[in-house]
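Have a look at the structure below, then the notes.
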Ligand SMILES: Cc1cc2nc3c(=O)[nH]c(=O)nc-3n(C[C@H](O)[C@H](O)[C@H](O)COP(=O)(O)OP(=O)(O)OC[C@H]3O[C@@H](n4cnc5c(N)ncnc54)[C@H](O)[C@@H]3O)c2cc1C
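Numbering (UniProt numbering), first residue to last: 1 to 399.
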């Protein structure tokens, strides 16, 4: 047997468990599978719920797309992605337009959009179906002292593994093995609204929003619109609020018509064209609190356990980096496992410092964007930030 065949066989004997079947966990399992390494995903939900959790995501050339190439799914992704979804319009509350960017025809830009459900569906289609086990909510992971962990699930099942990867999101049950730090409320609350079939039902709003994202920013508040692949418009109303605001505000999100009137009163001095994002919304309203981990958060390396994605570096969604980081982590960790063969601790030692470097940069950007978006003169300042980025890019291209 050749050395590399022996190494592959040793890798196959390692038992790797990934906790969580979100974009990070699925991408990790997919890259491992493509390289002949077995892993199991334990997911708490009874079926894939990614379609129900949030809307369109822009997948970046330098991170998420690299991971999809490693997973062998880049061409499939290109066929599903919406390159026109890169359109971006920026207003203030008076309806003054600050930016109006239209993606160029069918030229392939660097940050195409794809709905979360479609992205995860694509990964699930390519994964061997027995890789993912639904209905397995991890309650505890117990170190056995030899690098292995015993995983305990709510349904009574237990498993002993050589590597447990926490890909279980913001409130990870794996994270406490590595750090006492918890995700903290970032001071921003969001209400998610949905406007189905916007092009046909509300062509006036479709014209205002265009084919991608619209941000209207003023007075430490935001209305954000995002066209999804199924033709619906996802709307996020975002504002500074105490952590318990959703419980104490007196708005019952289960009574949508009354709730919409109450939400309109929060935006009563906004231009009527922007208020349509609330008026036209249908009957499903969801309240979300924005949480984050400290920027640059690290932990002491431990044998047989690591974290990827939101579990490792939860950041606010205002730089559009979260899913890209989760997928980049998945690729970096998978490649480290492939490179170090049966030495999983070496793989963790390669992965974690590299992940800290790039994810802390994105976390800083997300935090800075949060401060800018909910600060004074937000629309003007965001435009200036974009102008500066374009200028730097143009200078670099001319060098
Ligand atoms: C409203 C909103 C909008 C966003 N917009 C963007 C955007 O435009 N661009 C972007 O890049 N990012 C965005 N994000 C962030 C992005 O959604 C996350 O960064 C990304 O989903 C992280 O992927 P993940 O796989 O690490 O975790 P998740 O997607 O959170 O997946 C975690 C998985 O683990 C499972 N799980 C949790 N606990 C357990 C347990 N105990 N046992 C078993 N399974 C468990 C969950 O059910 C879930 O399937 C947004 C987030 C929100 C809330």
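Using N, Cα and C, we set each Cβ at its ideal position, and we do this for glycine too.
Bear in mind the structure is a predicted one, so any value in this text is a computation, not a measurement.
If you look at residue 218, you'll find it in the beta strand (DSSP E) that goes 213-218. Here DSSP, grouped into helix, strand and coil, assigns residue 94 to coil.
Beta-bridge partners assigned by DSSP to residue 115: 56. 8 Å or more divides the Cβ of residue 190 from the Cβ of residue 249. Annotated as distal: residue 73 and residue 114, with beta-carbon spacing of 8 Å or more. Between residue 251 and residue 352, the alpha-carbon positions lie close to 43 Å from each other. By the Cβ-count criterion, residue 96 is exposed, with fewer than 16 other Cβ atoms from all chains shown falling within 10 Å of its own Cβ.
The closest heavy atom of ligand 1 lies less than 7 Å from the beta carbon of residue 54.
Not one heavy atom of ligand 1 is found less than 7 Å from the C-beta of residue 30. For the pair residue 120 and residue 26, the CB atoms are nearer than the 8 Å cut-off. Contact between residue 347 and residue 340 holds, with the beta-carbon distance rounding to 4 Å and staying under 8 Å. Following the DSSP letters along the chain, one finds residue 339 inside the alpha helix (DSSP H) bounded by residues 322-340.
For residue 247, there is no enclosing beta strand (DSSP E); the residue is part of the alpha helix (DSSP H) that begins and ends at 245-248. For residue 348, the enclosing alpha helix (DSSP H) stretches over residues 344-373. By the Cβ criterion, the segment 259-268 is not in contact with the segment 297-310, since fewer than three pairs of Cβ atoms, one from each stretch, lie closer than 8 Å. By the Cβ test, the segment 149-156 is not in contact with the segment 182-200, since fewer than three Cβ pairs between them sit closer than 8 Å.
For the pair of segments examined, the segment 207-226 was found to touch the segment 86-96: the number of CB pairs separated by less than 8 Å reaches three.
For residue 209, the three-state secondary structure derived from DSSP is helix.
The segment 177-187 makes no contact with the segment 27-35; the number of CB pairs closer than 8 Å stays below 3.
CA-to-CA, the gap between residue 16 and residue 128 works out to about 15 Å. The three-state secondary structure of residue 393, taken from DSSP, is helix. The nearest non-hydrogen atom of ligand 1 is less than 7 Å from the C-beta of residue 323. For residue 138, the enclosing beta strand (DSSP E) starts and ends at 138-143.
Listed in chain order, the non-local C-beta contacts of residue 173 below 8 Å within the same chain comprise 19, 138, 139, 140, 141, 166, local neighbours out to five positions each way being set aside. Inside the segment 266-294, DSSP marks whole alpha helix (DSSP H) runs of 4 or more residues at positions 272-279, from first to last along the chain.
For residue 151, the uninterrupted beta strand (DSSP E) run begins and ends at 149-153, by DSSP. Residue pairing by DSSP places residue 166 opposite 19, 307 in a beta bridge. By the 16-neighbour rule on beta-carbons within 10 angstroms, residue 144 is exposed. Taking C-beta separations shorter than 6 Å and ignoring five residues to either side along the sequence, the partners of residue 64 in its chain run 324, 327, following chain order. For residue 235, the uninterrupted beta strand (DSSP E) segment begins and ends at 233-240.
In this chain, residue 72 is not harboured by any alpha helix (DSSP H), its DSSP state being neither H nor E. In this structure residue 188 is in contact with residue 316, their Cβ atoms being roughly 7 Å apart against a cut-off of 8 Å.
The C-beta of residue 357 has fewer than 16 other C-beta atoms within 10 Å across all chains shown, which makes the residue exposed. Excluding residues up to 5 positions away in sequence, 347 lie with their Cβ nearer than 6 Å to the Cβ of residue 337 in the same chain.
Relative to the Cα of residue 278, the nearest Cα in the group 300, 84, 253, 299 belongs to 253.
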